[in-house]
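Following: one structure in structure tokens, then a few remarks.
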Amino acid sequence: MANAGIWPYRSAFPLPLASDSSQPMKAPVRLIRLSAMCVALGSVTACNAQSSESAAASPAAEARLSEAGLELAPLTITSGDQTHRFTVELAQSPEQQARGMMFRTELAPDKGMLFPFPTEKMASFWMKNTVIPLDIIFIRSDGTIESIAARATPYSLEPVQSGEPVAAVLELAGGRAAELSLQPGDRVDWLK
């Protein structure tokens, strides 16, 4: 019982003393191997669980982000008795809003970018580094269209402004608003 103070569980897990050469060192080796196998098995199980959770969650998470990494949301515009459906990228942070549609070479007819503001404000946009023409639609807090700047000129530094404080701005492919006969007063809805 010389090392009982050092290791009080000696009777349950007998370890030979350093001076005791009659017992081989098999018990500690087995214990170490068993511990290592348990850790390895636990790690593999945890990794597999994370992998299957990631695989299950990944397509849905990826489906909600655009190629540019922006959150996607459904948006509808009701014009008379017609409802037009879009999938829009949400430019929510100041950095995302500053970049907007810059450097994009195309925009599908059923896609767009929405710039929601935390509070109503006068909005001013420009087309710096924007390669394609855009329709810029200014939206009031009640969801109605305040005004439409049709086919804003690519690369222009001239400001395109709302006529009154707005809650959001929607950018669509240039000419799309005219194709759909959109006009001030039409209603825009999206998940907020």
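Just so you know, my numbering puts the end of the sequence shown at 192, numbered straight through with nothing missing.
Even glycine gets a Cβ: it sits at the ideal position worked out from N, Cα and C.
Spatial neighbours of residue i in its chain, beta-carbon cut-off 6 angstroms, leaving aside the 5 residues before and after
i	result
V188	I77, I139, G143
S66	L72, E89
V160	F125, I136, A149, A152
G185	T144
P116	A168
L180	H84
Neighbourhood of residue i by C-beta distance below 7 angstroms, restricted to the same chain and skipping five residues each side
i	result
R176	P109, D135
V131	F103, R104, T105, P154
From the options, residue whose alpha carbon lies closest to that of residue i
i	options	result
N129	F86, M101, T87	M101
P165	S147, E171, W190	S147
S93	V131, Q183, L182, G69	G69
Q97	L180, E179, E158, M127	M127
T87	E95, D81, S79, P74	P74
P81	R99, G174, L182, E95	Checking the sequence, you will find Asp at residue 81 rather than Pro. The residue with the shortest Cα to Cα distance from D81 is L182.
S200	L191, A178, K192	The structure shown does not extend to residue 200, since the chain spans only 1 to 192, so no value can be given for it.
K111	P118, R85, P133, E120	R85
Three-state secondary structure assigned by DSSP to residue i
i	result
P116	strand
R187	strand
Q96	helix
R140	coil
A178	helix
E89	strand
D135	strand
F125	strand
L70	coil
Close-in-space but distant-in-sequence residues of the same chain around residue i (CB under 8 angstroms, 5 per side omitted)
i	result
T83	T76, I77
M122	Q161, S162, E164, P165, V166
R64	E71, L72
R99	A91
Cβ-Cβ separation, residue j to residue i (assumed contact under 8 angstroms), whole Å
i	j	result
M113	E171	5 angstroms
P118	G174	Actually they do not touch by this definition, with Cβ atoms about 28 angstroms apart.
Quick test of the definition: if touching needs 3 or more C-beta pairs under 8 angstroms, does the segment 149-160 touch the segment 96-106?
Not touching, per the Cβ criterion.
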